[in-house]
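Residue numbers (this note's numbering): 697 to 818.
Given below as structure tokens:
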């Protein structure tokens, strides 16, 4: 795979991240109020969203390290902020069980915003 193909895959992954994180974030936020929305499937979608974020960070890192790809200033900060945000969301979600769904909902929307920022910066 050459650099341009990986970059195209990376950009597609960012759009997937926007969609999955938005879906998971809205679902988790709604589940805070509507207990019928609290399914195991919510956590599966959330884990998928986090895996997509991680895959995007790995692809961006490979582009920079192996292909000397140039991203705009602060682009990689947004990428790695996603990984840090996942850790913070998880740790607060465990500590604040009463607000767990709100934390995961807001976190999913935050990760969506990071992906949008990365898309429009690159």
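Backbone N, C-alpha and C define an ideal beta-carbon position, used for all residues, glycine too.
- Rounded to the nearest angstrom, the gap between the Cα atoms of residue 814 and residue 715 is 14 angstroms.
- In the structure shown, the three-state DSSP call for residue 765 is coil.
- Residue 717 holds the alpha-carbon nearest to the alpha-carbon of residue 803 among 705, 717, 701 and 706.
- Here DSSP, grouped into helix, strand and coil, assigns residue 734 to coil.
- Assignment of residue 808 by DSSP, reduced to helix, strand and coil, places it in the helix class.
- Measuring C-alpha to C-alpha distances from residue 782 to each of 743, 733, 756 and 768 identifies 743 as the nearest.
- The DSSP-derived three-state label of residue 697 is coil.
- Annotated as proximal: residue 817 and residue 770, with beta-carbon spacing under 9 angstroms.
- Comparing alpha carbon positions, the residue from 789, 710 and 812 closest to residue 749 is 710.
- Between residue 800 and residue 789, the beta carbon gap of about 6 angstroms places them in contact (Cβ cut-off 8 angstroms).
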